[in-house]
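All remarks here apply to the structure that follows.
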Amino acid sequence: MRRNPERRQALIDAAIEVLAREGARGLTFRAVDAEAAVPPGTASNYFANRDDLFTQVGGRIYERLLPDEATIARNRAGVQDETRYAELMHELVDRVAAFNSGYLALLELRLEATRRPELRAVLTKRIREDIDANIGYHATSGLPGDSTSVVLLYLTLNWLIVERLTLPDIFTEQEIHELVDAAVRRSLNG
1 MRRNPERRQA LIDAAIEVLA REGARGLTFR AVDAEAAVPP GTASNYFANR DDLFTQVGGR
61 IYERLLPDEA TIARNRAGVQ DETRYAELMH ELVDRVAAFN SGYLALLELR LEATRRPELR
121 AVLTKRIRED IDANIGYHAT SGLPGDSTSV VLLYLTLNWL IVERLTLPDI FTEQEIHELV
181 DAAVRRSLNG
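Note that full-length UniProt numbering has the sequence shown beginning at 1, numbered continuously upward.
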């Protein structure tokens, strides 16, 4: 297998786009090569098989979903109250929805993980780490609520994002904004 990390990353990013657009069945080496605009056979030189490609995509999506350092610093500033909590959740929903192909690809990967144990292991590990990191951040942030609030918001907002990306006419942007505020308020106030 080839070792050019920039090329590998470009191929994985191309695979995310193919997966989001064509689904798991459409994720072929040929489709990735075409999306990345590289010579035919390039992807097969970088990934041992489709399972390898699926697991690499699973890790990369989360790298791209993470907030940048400026966003993290901004989120830590100011009073850590319910209003700040709602602002953080709005930023999260907007950031994830802005990488719609990544989130849609992640949904495809979750379905594919029911049939691919290695992919399931990668996603389980990565998502558990993400949840634990969010709980850890919350515990040290001074934000109201507890670890259950974090998990409830994780579950609630994930489905809200699914609705926003897959059936965008279900809720207006205003309704989404109001639902995020309500989810924060209710997770904190039982």
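Even glycine gets a Cβ: it sits at the ideal position worked out from N, Cα and C.
If you draw a straight line from the Cα of V162 to the Cα of G142, it is about 29 angstroms long.
With a 10 Å radius around the Cβ and a threshold of 16 neighbouring Cβ atoms, T172 comes out exposed.
A contact is defined here as three or more CB-CB pairs under 8 angstroms, and the stretch 49 to 56 fails this definition with respect to the stretch 126 to 134.
For the pair of segments examined, the stretch 103 to 112 was found to touch the stretch 12 to 32: the number of CB pairs separated by less than 8 angstroms reaches three. By the neighbour-count criterion, in which 16 or more other beta carbons inside 10 Å mark a residue as buried, E118 falls on the exposed side. DSSP places P117 within a helical segment (H, G or I) once states are collapsed to three. One alpha carbon belongs to R64, the other to A121, and they sit about 20 angstroms apart. Three or more pairs of CB atoms, one per stretch, sit closer than 8 angstroms, so the stretch 8 to 17 contacts the stretch 29 to 37.
D52 carries a helical assignment under DSSP once its states are collapsed to helix, strand and coil. Counting along the chain, F29 sits inside the alpha helix (DSSP H) bounded by residues 29 to 36. The residues I16, G102, A105, L106, in chain order, have a CB closer than 7 angstroms to that of I61 in the same chain once the five nearest residues on each side in sequence are set aside. Just measuring C-alpha positions, the residue of R185, I176, D130, T156 sitting nearest P67 is D130. Relative to the Cα of N189, the nearest Cα in the group A113, R76, G26, P144 belongs to P144.
Scanning the stretch 51 to 100 for uninterrupted beta strand (DSSP E) segments of 3 residues or longer gives nothing; none is fully contained.
When the alpha-carbon of L157 is set against those of N49, R126, A139, H90, the nearest one is in H90. Separation of R50 and I127 (C-alpha to C-alpha, rounded to the nearest whole angstrom) is 21 angstroms.
If you draw a straight line from the Cα of V96 to the Cα of N45, it is about 31 angstroms long.
Just so you know, the alpha carbons of V150 and H138 end up roughly 8 angstroms apart. By the CB criterion at 8 angstroms, L11 and A43 fall inside the cutoff.
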